[in-house]
Amino acid sequence: MIKAEKPYFEQGRNSARELRPNEVKIMLELLSGSFTVNALCDQIGSKQPEISRCLASLRNRGLVSSDNDSDDRRIVYNTLTAAGRKYLKDLS
592 MIKAEKPYFE QGRNSARELR PNEVKIMLEL LSGSFTVNAL CDQIGSKQPE ISRCLASLRN
652 RGLVSSDNDS DDRRIVYNTL TAAGRKYLKD LS
């Protein structure tokens, strides 16, 4: 599992304006389950480098976690964390 540097809410951020549009789109997609980068690219309609950058940013904020597939370590699934779910809930 790739660890986040600090939980998002401990960094003093609490505004949706601090997330890029694709970061919000990714988080909304992850509400329905875990996805690979390629699956998120297909769902959101963005290129792989942009999705990877967004996921790295979301991981660093503690909003998303990434785990390798147990059978094939090359496959990485991205999942919304409890902090990510709370963030989206607070937006509504």
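In terms of the numbering used here, the sequence shown opens at residue 592 and continues consecutively. For glycine and all other residues, C-beta sits at the position ideal for the given N, C-alpha and C. Being a predicted model, the structure only gives us computed values, none of them experimental.
Item, Value
"DSSP has T670 in a bridge; who is on the other side?", "S656"
"Please return the same chain residues whose Cβ sits closer than 8 angstroms to the Cβ of N629, not counting the five positions on each side in sequence.", "Q639"
"I666: buried (16+ other C-beta within 10 angstroms of its C-beta) or exposed?", "exposed"
"Assuming L621 and N669 make a contact with CB atoms under 8 angstroms, what is their CB distance in whole Å?", "6 angstroms"
"Going along the chain, which residues of its own chain have a beta-carbon closer than 7 angstroms to the beta-carbon of D690, five neighbours each way excluded?", "The chain is shown only over 592 to 683; residue 690 falls outside these bounds and no answer can be derived."
"Look at the alpha carbon of K616 and the alpha carbon of L631, and state the distance between them as a whole number of angstroms.", "9 angstroms"
"Which value, in whole angstroms, describes the spacing of the CA atoms of S648 and L679?", "16 angstroms"
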